[in-house]
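Sequences listed follow chains L and Z, in order.
Anchor point for the first sequence: position 72 equals 72 in my numbering, and the numbering is continuous, going up by one each time.
Anchor point for the second sequence: position 171 equals 1171 in my numbering, and the numbering is continuous, going up by one each time.
For reference, the structure is listed below as structure tokens.
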Amino acid sequence: MIGGLAARTAARELARQRRRQAVRRVVERAALYALAAVASVLCAAPFLWSLWAAVHEVPAGESVRLLRSTPFGAWVGRTVLVGGPVTAVTVLLALPAAYALRRRRWGGTAGRIIAVLALVPSVLLAVPLSWAADGLGLGGSLGTLVLVEPAVTVPVGVLLFGGFLRAVPVDVEEQALVDGHSRLAAFVRVVVPLLRPAIAAVAVLAFTLAAGDLVYARALAGARSTVAAGIPAHLEHGAAPLWRTLHLGVAAVAVPLAAATDLVLGRIIAASAGTADRT
Amino acid sequence: MSRVAANTASRRRGGLADREGLLTWLFLLPSVVYLAALVLVPLALAIALALSGVTAAAPAYRFTGVRRFGSVLSDGAFWRALTGTLVVAGVSTVLVVLCGQVLAHVLLARFRGRWLVRPLVLLPWTTPAALSATSWRWLLDSAHSPAGRLLRAAGVASWHERPAMVLGTIVAVQVWRLTPLAAVVMAAGLTAIPRDVRDAARVDGAGAVRRAVEVVIPLALPSIAVAALLTAILTCADAAVAAVLTGPGGSPWTLAALAYARGIEGGALGRGAAIAVLLLPLPLAGAAVLLRAGRSPAEEAA
């Protein structure tokens, strides 16, 4: 009799606990979905507004005509012309540097000092660089911009590659050395292929940084504007329909960049965890 | 064992491609030379320019000494911009860490619709700052937009004219722009916390709030510090958001925007360099703390 009562109480207690857990789970999920929804709307706010206004206030044909009346195509073309080579230079310089640093005891400290260089205010460097470029007859050119942008992207690349390299076991290289590869060959044939996902992540990030820069673009490329420099300057003396249209242009630039970053986000978080591991 | 084998292998071959010390420097040198030429040399040139009367119209170097700094320091616009920079950096950092910590959990959580939420949440980070600042300016200025209506309902027709409103707007856009970056940094810190630790706390009966306060946040503190310092440095150094929000005609409210307006848009190279040099200690101090915070106990012992 007593045993049955105890069993029933236990069963009731268990059911109550389960119910409470279920309720807590529902509350947690609901909070998560609410937060995700609020965050999405806030983060996308200017773009959602651009799209809404464009759809409701300007006919589609009119938007296209207005966009073609601006040098939007040339801005995008120049952005790609700058971003492409900068991305290539970033990977070519940062990957070997990060690899060399990993093998040294002082590598961690040196890597962080290099990373900090990315944080020097660009306006401080842009003023003397534009002066020097003009003095050397290199002012107002995209080539100068391509030359200078890696000063920002290479430090970021070294930091991220460092994080990725921590995930590559040393044994893999040692095995390649045992197999008769030279150090250089072990790097090129074994380490680099393993780092392909990392190269994709750094490339996306470097392109985004180079495409997004305003200060160097204004200081060094002058009238040959990229998207980030062209749109703000062009809008200063634009009427409302032009504003609406160019904001569609902003969305057209922003969405592909965000989508590309999303593809590599998991790796960036993992690599940052690698660098944070060291901190 | 394998090390011995590797050594014999390298001794046998002994080529250029096997000299490890040489290879380290070959790999490292291009980056070091590049960065020295494009960061350290301009840094020195900036100081030289700050001591000169160079303008875009008269680019020949004329040494004028420290007089330039005197005239910058006696300018009201400088002190206003310095105050603005400190306010914007301080307030933005606190808000970015709070919002970023929430967003970090959203980024890491698994839920339906994540494929759509994640790229949307990344938009502020990946969009060129100058472009998003342009969009925000339009959003706030337009009488028809939700934000513009909200401002008008609050009785603020032209936010450009009120200092508090301008600073508030710059803070809002900086927080919007940097929260995803801080969230990614802090998400990395959160993933580094072993699952067992959280599970153990859960088994011990700690609720979600208690787990967050007593277990997760203390363990994630290093990444929170890194995110906070990054935000502070980036807001101090950023010229694009503040310059675009106030426009070329407006008066700049941060030091970086002031240096940009004078030195690059205005062509007063010496003056712009002097302002930028005076700005440098703020991000430099942040970077020094970042480097110290980044040193591991093992390296400290070494």
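By construction, the Cβ of each residue, glycine as well, lies at the ideal position given by its N, Cα and C atoms.
What is the DSSP secondary structure of residue i, reduced to helix, strand or coil?
i          : result
Ser949(Z)  : With chain Z running from 1001 to 1302 in the structure shown, residue 949(Z) is simply not present.
Phe1063(Z) : strand
Thr226(L)  : coil
Ala167(L)  : coil
Arg1162(Z) : coil
Val1156(Z) : coil
Leu280(L)  : Residue 280(L) lies beyond the range of chain L shown here (1 to 279); nothing can be said about it.
Thr70(L)   : coil
Pro1194(Z) : coil
Thr1254(Z) : coil
Gly333(L)  : Residue 333(L) lies beyond the stretch modelled for chain L, which goes from 1 to 279, so this question has no answer here.
Ser272(L)  : helix
Leu248(L)  : helix
His234(L)  : helix
Ala201(L)  : helix
Pro1218(Z) : helix
Ser141(L)  : coil
Asp1199(Z) : helix
Glu173(L)  : helix
Whole angstroms are fine: how far does the CA of residue j sit from the CA of residue i?
i          : j          : result
Glu62(L)   : Pro241(L)  : 9 Å
Arg1137(Z) : Gly1084(Z) : 18 Å
Leu1280(Z) : Ala1293(Z) : 20 Å
Ala1212(Z) : Ala1206(Z) : 9 Å
Ala1183(Z) : Gly1189(Z) : 10 Å
Leu138(L)  : Leu1167(Z) : 37 Å
Thr291(L)  : Ala219(L)  : No statement about residue 291(L) is possible, as the shown extent of chain L runs from 1 to 279 and does not include it.
Trp1026(Z) : Leu125(L)  : Here residue 1026(Z) is Leu; the residue named in the question, Trp, does not match the sequence. One C-alpha to the other measures close to 27 Å.
Trp1159(Z) : Ser1142(Z) : 12 Å
Ala229(L)  : Gln17(L)   : 60 Å
Leu1284(Z) : Gly1070(Z) : 22 Å
Tyr99(L)   : Thr208(L)  : 23 Å
Asp277(L)  : Gly1286(Z) : Its pLDDT being 44, under 50, Asp277(L) is placed unreliably in this model, and the value from its coordinates should be taken loosely. The straight-line gap from Cα to Cα measures roughly 21 Å.
Asp1196(Z) : Val1156(Z) : 52 Å
Ala1036(Z) : Pro1030(Z) : 10 Å
Arg1202(Z) : Ala203(L)  : 40 Å
Val170(L)  : Leu1290(Z) : 28 Å
Gly1021(Z) : Phe187(L)  : 15 Å
Leu1219(Z) : Ala1228(Z) : 16 Å
Trp75(L)   : Ala259(L)  : 20 Å
Pro1252(Z) : Arg1112(Z) : 44 Å
Pro1163(Z) : Asp1075(Z) : 18 Å
For residue i, which residues in the same chain have their Cβ closer than 7 Å to its Cβ, ignoring the five residues on either side in sequence?
i          : result
Val86(L)   : Val146, Glu149, Pro150, Thr153, Ala206 and Ala210
Leu1082(Z) : Leu1255
Tyr1260(Z) : Ala1239 and Ala1243
Leu1051(Z) : Phe1063, Thr1064, Gly1065, Val1066 and Arg1068
Ala1104(Z) : Ala1183, Met1186, Ala1187 and Leu1190
Among residues of its own chain, excluding the 5 on either side of residue i, which ones have a beta-carbon nearer than 6 Å to its beta-carbon?
i          : result
Ala1089(Z) : Ala1232, Thr1235 and Cys1236
Pro1059(Z) : none
Pro197(L)  : Arg267
Ser1002(Z) : Model confidence at Ser1002(Z) stands at a pLDDT of 48, short of 50, so the residue's coordinates are unreliable; what they give is reported in the following sentence. If we look at Ser1002(Z) and ignore the five residues flanking it on each side, it has no Cβ neighbours.
Gly83(L)   : Phe207, Ala210 and Ala211
Leu214(L)  : Ala228 and Ala229
Ala176(L)  : Ala186 and Val190
Ile199(L)  : Val91
Flag this pair as yes or no: are the beta carbons of residue i and residue j separated by less than 9 Å?
i          : j          : result
Ala201(L)  : Arg267(L)  : yes
Val1216(Z) : Ile1193(Z) : yes
Trp1176(Z) : Leu248(L)  : no
Arg25(L)   : Arg1019(Z) : no
Trp1125(Z) : Leu1178(Z) : yes
Val178(L)  : Val190(L)  : no
Pro128(L)  : Leu1269(Z) : yes
Arg90(L)   : Gly135(L)  : Looking at the sequence provided, one finds Thr at residue 90(L) rather than Arg. No, these two residues do not count as a Cβ contact at 9 Å.
Val1072(Z) : Ala1274(Z) : yes
Ala37(L)   : Pro1042(Z) : no
Ala54(L)   : Arg244(L)  : yes
Val264(L)  : Val227(L)  : no
Ser122(L)  : Tyr33(L)   : no
Leu142(L)  : Leu93(L)   : no
Given residue i, which residues of its chain have a CB within under 8 Å of its CB, disregarding the five upstream and five downstream residues?
i          : result
Leu195(L)  : Leu95, Phe161, Phe164, Leu165 and Val168
Asp1204(Z) : none
Val250(L)  : Pro46, Phe47, Ser50 and Ile231
Gly1148(Z) : Leu1139, Leu1140, Asp1141 and Ser1142
If we define contact as Cβ-Cβ less than 9 Å, is residue i a contact residue for chain A?
i          : result
Trp1159(Z) : Annotation note: the requested chain A is absent from the structure, which comprises protein chains L and Z.
Could you pull out every unbroken beta strand (DSSP E) segment of at least 3 residues lying fully inside the segment 72-134 of chain L, listed in chain order? Assignment of beta strand (DSSP E) within the segment 72-134 of chain L, counting only whole runs of 3 or more residues, yields no such run.
Every unbroken alpha helix (DSSP H) inside the segment 1087-1145 of chain Z [4 residues or more]: Counting only runs of 4+ residues, the alpha helix (DSSP H) found wholly inside the segment 1087-1145 of chain Z occupies 1114-1126 and 1129-1141, in chain order.
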